[in-house]
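Under the working numbering, the first residue of the sequence shown carries the number 1, and numbering increases by one thereafter.
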Amino acid sequence: MLQLHVKNETSRLKAVILGTAVSNGPTPSIEEAYDPKSLEHIKAGTYPVEKDMIDEMEAFNEVFKKYNVTVYRPQTIENYNQIFSRDIGFVIDDIFIKANILPDRERELDAIQYVIDQIDPAKVVRPPEEVHIEGGDVMLHNDHIFIGTYKGSDYKDFITARTNMAGVNYIKELFPHKIVKEFDLVKSKIEPRDNALHLDCCFQPVGENKGIIYKSGFREEADYMYLVNLFGRENLFHIEREEMYHMNSNVFSIDKNVVVSERNFTRLNNWLRDNGFTVEEIPYAEISKQEGLLRCSTLPLIRE
């Protein structure tokens, strides 16, 4: 049996599900786009091709091998996008929570069922239907659980609004001993530079007490200030609008001092190194065209 254990974003990683770009399918139509960034690249004719995305994910996999991480991959669904495994489930402490994702992505859960079958069934939960919650919105920081949401009255009109307040309350009930704090995120259906699809698009902890943050991703300044006060302004790397667009906050930690980052994130990667991190740089710019990056592609199962 898999003994799940995830309490934060940065402890030494032992086991992870990494998505796959194999048999990714044709470029979606404009009508099929889930997010404004994919839409932008579909219209421009610059949507990523399968071979490039497979190469990028293999570079990520090689870093996991280097650090002796056990890697599980989804079973292949023909002509289907299975890159973003973070969307379909997540682990808090020793509980695997299946996400209530967009209905036509349900097959992605089936493709990792062989992994779920290795988990104690008592430790696998599925929220009720009215609960919307995706892994990109759920961020663990020891006794804290940070959750991205959208509180606008037009929630149902936004395909980019992925986690509702019912999702926040579900986690509060499931983990009553934790400090659960929700963050109201900025959403846009048409401008990717103004769309925090998930919390990890505008914030992520790194190391013991540092983080990457995009102030304008939060609808309420009080939410942004909550993180500034918790981490300390001097410990936060503030990214700019264009850096948020390129997903600079969506890196992935293998350990307290090891961060996998996109090789073009020059300013961020230099800051990380200046603060004592080992930065494993890989190409991931093609995958980022789908408004997802390194954290989105992973579903951690076990950290030390």
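We put the beta carbon where it would ideally sit given N, CA and C, even for glycine.
Can you name, in chain order, every residue of its own chain whose Cβ lies under 8 Å from the Cβ of residue i, other than the five neighbours on each side?
i, result
"leucine 4", "Val91, Asp93, Asp94, Ile95, Phe96, Ile119, Lys123, Leu301, Ile302"
Within its chain, find whatever has a CB closer than 6 Å to the CB of residue i; leave out the 5 residues flanking it on each side and keep chain order.
i, result
"alanine 166", "Glu130, Val131"
"serine 11", "Arg303, Glu304"
"valine 168", "Ile147, Thr149, Glu182"
"phenylalanine 237", "Ile212, Trp271"
"tyrosine 170", "Pro127, Val131"
"valine 180", "Ile145, Ile171, Lys172"
"isoleucine 254", "Leu13, Tyr67"
Please report how far the alpha carbon of residue i lies from the alpha carbon of residue j, in whole angstroms.
i, j, result
"glutamate 106", "asparagine 164", "19 Å"
"glutamate 281", "serine 23", "25 Å"
"lysine 189", "serine 153", "15 Å"
"valine 6", "glutamate 108", "22 Å"
"methionine 139", "asparagine 248", "16 Å"
"alanine 196", "serine 216", "9 Å"
"valine 71", "phenylalanine 60", "11 Å"
"arginine 162", "lysine 37", "16 Å"
"serine 261", "phenylalanine 252", "7 Å"
"glutamate 173", "aspartate 52", "42 Å"
"glutamate 191", "methionine 1", "44 Å"
"glycine 89", "serine 297", "11 Å"
"methionine 275", "lysine 256", "Note that residue 275 is asparagine in the sequence shown here, rather than methionine. Going by the C-alpha atoms only, they are around 12 Å apart."
"glutamate 31", "tyrosine 214", "29 Å"
"arginine 233", "leucine 227", "9 Å"
"isoleucine 239", "aspartate 35", "21 Å"
"alanine 15", "isoleucine 112", "14 Å"
"isoleucine 101", "proline 121", "20 Å"
"asparagine 79", "alanine 33", "15 Å"
Output yes or no for whether 8 Å exceeds the beta carbon distance between residue i and residue j.
i, j, result
"arginine 295", "arginine 241", "no"
"asparagine 250", "glutamine 204", "yes"
"lysine 210", "asparagine 235", "yes"
"serine 85", "leucine 13", "no"
"proline 74", "threonine 27", "no"
"valine 259", "phenylalanine 231", "no"
"asparagine 8", "asparagine 142", "yes"
"glutamate 134", "histidine 198", "yes"
"cysteine 201", "phenylalanine 218", "no"
If you run the structure through DSSP and keep just helix, strand and coil, what is residue i?
i, result
"aspartate 93", "strand"
"methionine 1", "coil"
"threonine 266", "helix"
"lysine 181", "strand"
"arginine 126", "coil"
"asparagine 235", "helix"
"methionine 139", "strand"
"asparagine 8", "strand"
"isoleucine 133", "coil"
"phenylalanine 175", "coil"
"isoleucine 72", "Note that residue 72 is tyrosine in the sequence shown, not isoleucine. Tyrosine 72 falls in the strand class under three-state DSSP."
"lysine 151", "coil"
"valine 251", "coil"
"serine 85", "helix"
"isoleucine 77", "coil"
Give me, in chain order, the residues of the same chain whose beta-carbon lies closer than 7 Å to that of residue i; leave out the 5 immediate sequence neighbours on both sides.
i, result
"serine 29", "none"
"aspartate 175", "It is worth fixing the name first, because residue 175 is phenylalanine in this sequence and not aspartate. These residues qualify, in order along the chain: Ile92, Ile145."
"leucine 305", "The requested residue 305 is not part of the displayed model; the chain covers only 1 to 304."
"valine 279", "Val259, Ser261, Asn269, Leu272, Arg273"
"tyrosine 245", "Pro192, Arg193"
"isoleucine 54", "Ala21, Val22"
What I want to know is whether the C-beta of residue i ends up closer than 7 Å to one or more non-hydrogen atoms of the ligand GTP.
i, result
"methionine 165", "Here there are no bound small molecules, and the ligand GTP is not part of this structure."
Using a Cβ distance threshold of 8 Å, determine whether the segment 216 to 226 contacts the segment 178 to 187, with at least three qualifying pairs required.
Short answer: they touch.
Does the contact criterion of 3 or more C-beta pairs under 8 Å hold for the segment 264 to 280 versus the segment 41 to 57?
No: the two stretches stay apart, fewer than three of their Cβ pairs being nearer than 8 Å.
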